[in-house]
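A.B. asks: Residues in the sequence shown are numbered from 958 upward in steps of one, following our numbering.
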Amino acid sequence: MSSGTGSSSFPSLLNQSQSATISGGEFNNSAGDHNRLVFNIYQGGQINPGSESTSAGSRVNPLASSGDLGTGMQTHHSVTPTPGAPSTDESEAPNARYERHLLVKKHGFPLWAPQPHSRLPLSYRRKGVSIGDVGIITREGYFDFLFNVCLPLGHASNPAFLPIDFSPVYLSPTDISELRQHDSGSCLLTASAEKLSGLSFKCNGPEGSILVMPNGAYHEDLLNLHKFQWIASQNTENWYRFAIGTCGRAIGNGELRLVTGCDKTNIWGIATYADFLPRSITLAANTGQSPVEYTWDYEGRVEAKAGPRLDEFLDDAGNQEYSPYTPNQCTFLRSFTVSLADDVWKSMVSTLIPDSPDNHILNLSQPQSYFTSIMSGLSIITGFLGLGNRGGSANVANDSLGGEKLTMHPATLINKMLLSQFPRAKVAISHDNDWCAVIREDEITMPDAFELLGRIRQTFVFQLDDDRTVYLSQEHAPEANPKEQSPSPDGLVTTPSYSGSAQRTFSSGGGGAPGSAETTLNNLCQRLRSNVQYNFKRDGPQHSPLWTAEVTIDDKLFGRGTGPSKAYAKEAAASNALRPLLEVYHRSI
């Protein structure tokens, strides 16, 4: 984004962001009371075939089995819509909210639709998502399988045509680990949801998501990641040519995944909610006459579903094709994400679809995922961080061929940064383990792009190999996991400098170091010709002071931060001030 564009688009940000209020040092962009909602999961009840999902205000009776994985019982669903039920909030797609909530669990990418779709070959549906799969996470939240690098040409699960130079990768049984990661009755939920007895939950916050695995889940992962990393980097362009040209997928750069691990179960329940009006918000599990069926029961604006459906195991004649207790339902997948350099991407697209320019604009009226909004603001964020660009726009719309998919993955964001740092690179590759490594244990939602990229730069070394592939490495990196930086006695907060990391030194005076939130805010306000001021307050005993910093822009309060030193508090205040400005920018483009 040119400076001219920034100058014309940013003056309104200061006024728009004034609707935000500060509470406890954090910004809230909307006011009002949040009422509570109640879910119920029942064990038992009437069983009838039906839809697996319901929109807001419905009652779902999905089928489920009892016992552990592989014990063998059938699953059914029934849906009884509630007349006059309110519709769900249109501002965020349910799967986008679910992804945003469960990404911080660090199991990889959560699939809103864990089941394999019914048009896939039977041999694939029996296993579901598997190590070696190459495919796409669609905007609807399911995995779109293209082919498997571990299966030969002619295998029933692979298509008749495969990418150019395809050669299968052979793995030994010891190359894959398989562990029972989740016991029966396990669940993953947001901090706003509280687990009670059995499968009962109490939801205390304005929004949240729940994943229930009544029969537990297995965790399988490839142990030799380097082998897959090399294969993916060597075949990136051929795979994109196959996906776009042969398979006709309208995907953007950075949307192909090579699966290296997944969590699998044979039955699941998913619920996500936001902005409720009901008086109560409890999710309860009740035992009925039969112990083998599970039922979602709730009041309010909820998206809830469970699976798999009974008819997923049947052929067209109604015959059972495989056991309904097969653990082929993928709740999370872990993968490598591959991206091409802008010039390579544009050249490839021009040969595949001559009449479709590579900067085709997506249909932005379609549901967007959390990471679409992140990518839409990447151009300004990378400019503030000094990341630069390879000459192409950082907007995801300029990297896509069509409107099939708007979901953006955190690894795609990382690849954007890697390619912007290395103009000579042809391919960028990152793994879900990379962004999982910088998620803090106490976080309840994914950090924004500014914070996520900053942590990646602090944690990893960027490396460019002889094949012009850029990737992340933790060799010689100062730390494997993010920690709160401790200030030195003189009030400075420092991070060691190394390849791929922007050195950050936050001083109580001056303009801050390159890459700091203080510097970013100063640069922004300088372009706006606005005045930035910090006010400090000290509390606590002499030996353990607590500093509070408030940042004002043109005499209006924009951020507050606290810390053990003035420098720490100042940086926190600047970071909080940036968030609503960037959020308004996201909405304005």
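Even for Gly, the Cβ is constructed at its ideal location relative to N, Cα and C.
Grab me the residues of L1059's own chain with a C-beta within less than 7 Å of its C-beta, minus the 5 sequence neighbours each way, in chain order.
C.D. replies: P1067, L1145, S1166, L1168.
A.B. asks: Output yes or no for whether 9 Å exceeds the beta carbon distance between T1294 and I1208.
C.D. replies: No, these two residues do not count as a Cβ contact at 9 Å.
A.B. asks: How big is the Cα-Cα spacing for I1310 and G1205?
C.D. replies: Whole-angstrom Cα-Cα distance: 10 Å.
A.B. asks: Counting C-beta neighbours from all protein chains within 10 Å, is the total for N1115 16 or more, i.e. buried, or is it exposed?
C.D. replies: Flag for N1115 reads buried.
A.B. asks: Spatial neighbours of L1535 within its chain, please: CB distance less than 7 Å, with the 5 preceding and 5 following residues excluded, ordered by chain position.
C.D. replies: So the qualifying residues of the chain are F1407, A1474, T1477, L1478.
A.B. asks: Taking Q1415 as the reference, which of A1394, E1194, L1079 has the closest Cα?
C.D. replies: If we check each option's Cα against that of Q1415, A1394 comes out closest.
A.B. asks: Quick one: any contact between the region 1262 to 1273 and the region 1149 to 1156, if contact means 3 or more CB pairs under 8 Å?
C.D. replies: At 8 Å Cβ cutoff, the stretches do not touch.
A.B. asks: What would DSSP say about P1051, mapped onto helix, strand or coil?
C.D. replies: DSSP places P1051 in helix when its eight states are reduced to three.
A.B. asks: Quick one, which of G1211, R1082, I1188 has its alpha-carbon nearest P1551's?
C.D. replies: Limits of the chain in this structure are 958 at one end and 1546 at the other, which puts residue 1551 out of reach.
A.B. asks: In terms of residue numbering, what span does the alpha helix (DSSP H) encompassing H1183 cover?
C.D. replies: From DSSP, the alpha helix (DSSP H) with H1183 extends over 1182 to 1198.
A.B. asks: Judging by CA-CA distance, which residue of L1485, V1508, K1383 is the nearest neighbour of E1528?
C.D. replies: With distances taken between Cα atoms, E1528 lies closest to V1508.
A.B. asks: From which residue to which residue does the beta strand (DSSP E) around S1292 run?
C.D. replies: Taken as a continuous stretch (DSSP letters only), the beta strand (DSSP E) holding S1292 covers 1286 to 1297.
A.B. asks: Look at the alpha carbon of V1126 and the alpha carbon of Y1099, and state the distance between them as a whole number of angstroms.
C.D. replies: Taking the straight line from one Cα to the other gives about 25 Å.
A.B. asks: With the cut-off set at 9 Å, would you say G1516 and W1504 are in Cβ contact?
C.D. replies: Taking 9 Å as the Cβ cut-off, G1516 and W1504 do not qualify as a contacting pair.
A.B. asks: Helix or strand or just coil, what does DSSP make of Q1138?
C.D. replies: In the structure shown, Q1138 sits in a strand (DSSP, three-state: E or B).
A.B. asks: Distance, Cα to Cα, D1512 vs L1180?
C.D. replies: The straight-line gap from Cα to Cα measures roughly 56 Å.
A.B. asks: Looking at the C-beta of T1147, does it have a partner C-beta in chain B at a distance below 9 Å?
C.D. replies: Chain labels in this structure do not include chain B; a single protein chain is all it has.
A.B. asks: What residue range is occupied by the uninterrupted alpha helix (DSSP H) comprising R1082?
C.D. replies: Residues 1079 to 1084.
A.B. asks: When you compare only the Cα positions, how much space is there between P1071 and F1289?
C.D. replies: Distance between the alpha carbons of P1071 and F1289: 8 Å.
A.B. asks: Could you say which of F1199, A1506, G1065 lies nearest to Q1490 if we only look at CA atoms?
C.D. replies: Here the closest residue by C-alpha is A1506.
A.B. asks: Helix, strand or coil: how does DSSP classify K1262 here?
C.D. replies: Reduced to three states, the DSSP call for K1262 is strand.
A.B. asks: How about A1093 and E1177: do their beta carbons lie closer than 9 Å?
C.D. replies: In the sequence under discussion, the amino acid at residue 1093 is Ile, which differs from the Ala named in the question. Taking 9 Å as the Cβ cut-off, I1093 and E1177 do not qualify as a contacting pair.
A.B. asks: With respect to the alpha helix (DSSP H) encompassing M1374, which residues constitute its N-terminal and C-terminal limits?
C.D. replies: It spans 1367 to 1378 - the alpha helix (DSSP H) in which M1374 sits, taken as one unbroken run.
A.B. asks: Does DSSP put R1517 in a helix, in a strand, or in coil?
C.D. replies: It is a strand residue.
A.B. asks: Roughly how many angstroms separate the alpha carbons of C1107 and E1400, rounded to a whole number?
C.D. replies: One C-alpha to the other measures close to 36 Å.
A.B. asks: By DSSP, does K1523 sit in helix, in strand, or in coil?
C.D. replies: Helix, per DSSP.
A.B. asks: Nearest CA to the CA of H1500: which residue from E1056, D1132, F1123, S1522?
C.D. replies: Looking at the Cα atoms, S1522 is the closest of the given residues.
A.B. asks: If the criterion is Cβ atoms closer than 9 Å, does the pair T1222 and R1291 meet it?
C.D. replies: Not in contact: T1222 and R1291 (Cβ atoms no closer than 9 Å).
A.B. asks: Between the alpha carbons of H1139 and E1049, how many angstroms are there, rounded?
C.D. replies: So the alpha carbons of these two residues sit roughly 29 Å apart.
A.B. asks: Using the Cα positions of P1502 and F1493, report the straight-line distance between them to the nearest angstrom.
C.D. replies: Answer to the nearest angstrom: the Cα atoms are 12 Å apart.
A.B. asks: Just how far apart, CA to CA, sit L1319 and T1203?
C.D. replies: No answer about L1319 holds up, because its pLDDT of 32 lies below 50 and its placement is not dependable.
A.B. asks: Out of K1303, S1124, D1132, which one is the CA nearest neighbour of Y1197?
C.D. replies: It is K1303 whose Cα lies nearest to the Cα of Y1197.
A.B. asks: Please classify A1113 as buried or exposed, where buried requires at least 16 other C-beta atoms within 10 Å of its C-beta.
C.D. replies: Under this definition A1113 is an exposed residue.
A.B. asks: Which whole-angstrom value is the C-beta distance of S1143 and C1160, which I expect to be below 8 Å?
C.D. replies: With a Cβ gap of about 18 Å, S1143 and C1160 do not count as contacting.
A.B. asks: Do R1057 and M1374 have their C-beta atoms closer together than 9 Å?
C.D. replies: It is not a contact, given that the beta carbons lie outside the stated cut-off.
A.B. asks: In chain order, what residues of the same chain lie with their CB nearer than 8 Å to the CB of G1065, ignoring the 5 residues before and after it?
C.D. replies: Excluding positions up to five away in sequence, the list reads G1218, C1219, D1220, F1289, L1290, R1291, S1292, D1389, C1393.
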